[in-house]
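Participant: Note that the sequence shown covers residues 14 to 118 in my numbering. Handing you a structure now.
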Amino acid sequence: MRGFRYTVATVATLFASTATLANPFGGANLENGRKMHAEHCVACHAEKFEGDAARMYLRSDHKVKSASALTQQVTTCVTMLKLGWFPEEELDVAGYLNKEYYKFK
Ligand code: HEC
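Laid out in structure tokens, this is it:
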């Protein structure tokens, strides 16, 4: 009986971690993220790269190298801009950027 319980717990843990690995931004509303990013973030990034905002994320020496770094950088930009977003909104934008550009697993 004990062994069985242990197995159930292990399988549940494995499933949980697989889900996290498959999508570090699970639950993000990507369409909302796209909109918020277009409204608040693109213009300034575009200005830095001759109108091509995507290069901020795709330049060869870009800074963000992991899902957690992406989350942090989004929070940093949102805080710097004093946008006062909810954590869910930051998640939406981070999830959108990940799907579109970074593709962290
Ligand atoms: C006023 C200008 C400005 C605005 C607006 C802005 N950013 Fe940025 N962002 C920057 C600059 C400058 C950098 C590059 C910093 C560096 O290279 O050290 C940057 C870098 C980033 C990066 C890292 C790119 C990399 O190197 O991988 C992310 C992610 C990012 N911004 C997200 C956002 C998000 C999300 C928003 C909207 C909430 C936003 N930024 C709005 C100026 C801005």
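Where a beta carbon is used, it is the ideal one built from N, C-alpha and C, also for glycine.
Measure the C-alpha to C-alpha separation of residue 51 and residue 57 and round it to an integer number of angstroms.
Facilitator: 10 Å
Participant: Exposed or buried, what is residue 117 when buried is set at 16 or more other beta-carbons lying within 10 Å of its beta-carbon?
Facilitator: Counting the other CB atoms within 10 Å of its CB gives residue 117 a total of 16 or more, which places it among the buried residues.
Participant: Using C-beta distances below 6 Å, list every residue in its chain close to residue 47, excluding the 5 sequence neighbours before and after it, in chain order.
Facilitator: 109
Participant: If you count every other CB in all the chains shown that lies within 10 Å of the CB of residue 74, and 16 or more means buried, which is it?
Facilitator: exposed
Participant: Does DSSP classify residue 105 as helix, strand or coil?
Facilitator: helix
Participant: Looking at residue 113 and residue 87, is the spacing between their C-beta atoms short of 7 Å?
Facilitator: no
Participant: Going by other Cβ atoms of all chains shown within 10 Å of its Cβ, with 16 needed for buried, is residue 92 buried or exposed?
Facilitator: exposed
Participant: Please indicate yes or no: does the CB of residue 85 lie closer than 6 Å to some heavy atom of ligand 1?
Facilitator: Answer for residue 85: no, Cβ out of range of ligand 1.
Participant: Are the CB atoms of residue 115 and residue 83 within a distance shorter than 7 Å?
Facilitator: yes
Participant: So for residue 97, helix, strand or coil by DSSP?
Facilitator: coil
Participant: Can residue 70 be considered in contact with ligand 1, in the sense that its beta carbon sits closer than 6 Å to one or more heavy atoms?
Facilitator: yes
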